[in-house]
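Quick note on UniProt numbering: the sequence shown kicks off at 1 and runs consecutively. Every residue gets a Cβ at the ideal spot worked out from N, C-alpha and C, and that includes glycine. For reference, the structure discussed in these notes is given below.
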Amino acid sequence: MVLVTGGGGGIGSEIVRQYARQGAAVGVVDRSPEVANALVSTLAAEGCKVHFAAADVGNYADCEAACRSVVAALGPVDTLINNAGISPKHAGLPSPIWQMEPAEWLQVMDVNLNSVFNFTRLLAPGMVQRRFGRIVSMSSVAGKAYLDIVAAHYSTTKAGLIGLTRHLAGELGPHGITVNALAPGRVDTPMVAGAPREANEAVIAVTPLRRLGKPVEVADACLFLTSDQSSFITGQVIDVAGGWLMT
Ligand SMILES: NC(=O)c1ccc[n+]([C@@H]2O[C@H](COP(=O)([O-])OP(=O)(O)OC[C@H]3O[C@@H](n4cnc5c(N)ncnc54)[C@H](O)[C@@H]3O)[C@@H](O)[C@H]2O)c1
């Protein structure tokens, strides 16, 4: 059974669709019931096994309740996809450090990084007990290289996820659990839709494949990292970026 955080929209919803249509039971955790409910009812109407649990992934008690709800509905979680993330902008632009509100810094730490601690802490014990697990977290090329289109809080959390991924791969590997991360480049989702057109065009100009990524292309990489075809891959960060930055 798969649990996807931030599974209601953007890349997360595509990951949910792919797993569900391949026959996996999928727990969708999102703070936004409107989008998530629409996705879950469409998939349920197709005969897929999906369950929605509302949660703010930055809040530990919410995460605990969401895990309980998903496990009660669908059974034990063996695949955890830590996808939820935010990248706050102001008038479409990242704040310089001296204008960043301390509350916004903490919110990004909670949603992008602490959420991964929350879900891993809650779900790893079951994986350890069953001696099998797959964990994939959504980092970003912004966690590996300086990008002036995101703010300091965002790149800090995405770099933190890479450290956490490597640590957890070492700690959980002996228990049969692989832990990897994806580093998408610019992907066409609601997160980037709010950016000025020139920002996307500038990225496309320096991306060898000369376009934005599609959510399904990130989902494909995610499914690979939890499939039998990647059973000896752990502690890795895979760019899905059309060759942008090649970090
Ligand atoms: N889109 C890109 O270009 C891009 C590039 C690199 C990395 N990423 C990463 O990929 C992941 C998905 O990004 P996206 O573009 O699909 O974003 P998005 O904004 O389109 O979707 C994010 C989803 O997460 C949910 N979410 C946000 N905050 C939440 C919270 N506190 N609790 C629960 N759910 C919450 C939203 O409701 C939404 O369904 C993020 O971690 C993002 O940082 C995106």
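Within 7 Å, strictly: CB atoms of residue i and residue j
| i | j | result |
| --- | --- | --- |
| Val35 | Val26 | no |
| Ala66 | Val29 | yes |
| Cys63 | Ala53 | no |
| His51 | Val70 | yes |
| Tyr19 | Val40 | no |
| Ile11 | Pro190 | no |
Residues of its chain near residue i, where Cβ-Cβ distance is below 6 Å and the 5 sequence neighbours each way are ignored
| i | result |
| --- | --- |
| Ile177 | Met127, Gly133 |
| Ile149 | Ala199 |
For residue i, the nearest candidate out of the options (CA to CA)
| i | options | result |
| --- | --- | --- |
| Arg166 | Gln229, Val141, Thr234, His90 | Thr234 |
| Lys158 | Cys63, Thr247, Gly7, Leu113 | Leu113 |
| Gly85 | Ala91, Val111, Trp105 | Val111 |
| Ser87 | Lys144, Cys48, Gln107 | Gln107 |
| Gly47 | Pro215, Gly23, Gly8 | Gly23 |
| Phe232 | Gly173, Pro208, Arg210, Val206 | Gly173 |
| Arg130 | Val141, Asp78, Pro96, Val216 | Asp78 |
| Ile97 | Ala151, Tyr60, Leu147, Thr120 | Ala151 |
| Lys144 | Val136, Ile162, Ile135 | Ile162 |
| Val141 | Arg121, Val218, Leu43, Pro190 | Val218 |
| Arg121 | Leu164, Pro196, Ala45, His153 | Leu164 |
| Val179 | Ser137, Arg21, Ser95, His153 | Ser137 |
| Val206 | Ser95, Arg68, Leu147, Pro196 | Leu147 |
Backbone CA spacing between residue i and residue j [nearest angstrom]
| i | j | result |
| --- | --- | --- |
| Ser139 | Ala183 | 5 Å |
| Val57 | Glu201 | 32 Å |
| Ser13 | Leu80 | 14 Å |
| Gln229 | Leu223 | 10 Å |
| Leu93 | Gln99 | 12 Å |
| Val75 | Thr226 | Residue identity check: residue 75 is Gly in the sequence provided, not Val. Roughly 18 Å between the two C-alpha positions. |
| Leu123 | Met246 | 33 Å |
| Val203 | Gly194 | 15 Å |
| Gly237 | Trp244 | Reading the sequence as shown, one finds Val at residue 237 and not Gly. Spanning the two alpha carbons is a distance of roughly 15 Å. |
| Pro102 | Phe117 | 21 Å |
| Asn37 | Gly8 | 8 Å |
| His175 | Leu168 | 11 Å |
| Ala91 | Pro125 | 43 Å |
| Tyr154 | Tyr60 | 20 Å |
| Glu171 | Arg197 | 43 Å |
Chain-order list of residues whose beta-carbon lies under 8 Å from that of residue i (same chain, five-residue window excluded)
| i | result |
| --- | --- |
| Gly213 | Pro184, Gly185, Arg186, Val187, Asp188, Val240, Ala241, Gly242 |
| Ser115 | Thr5, Val57, Gly58, Cys63, Asn82, Ala84 |
Beta-carbon proximity list for residue i, same chain, < 7 Å, skipping 5 on both sides
| i | result |
| --- | --- |
| Gly160 | Leu113 |
| Ala221 | Leu182, Ile238, Val240 |
| Arg21 | Cys48 |
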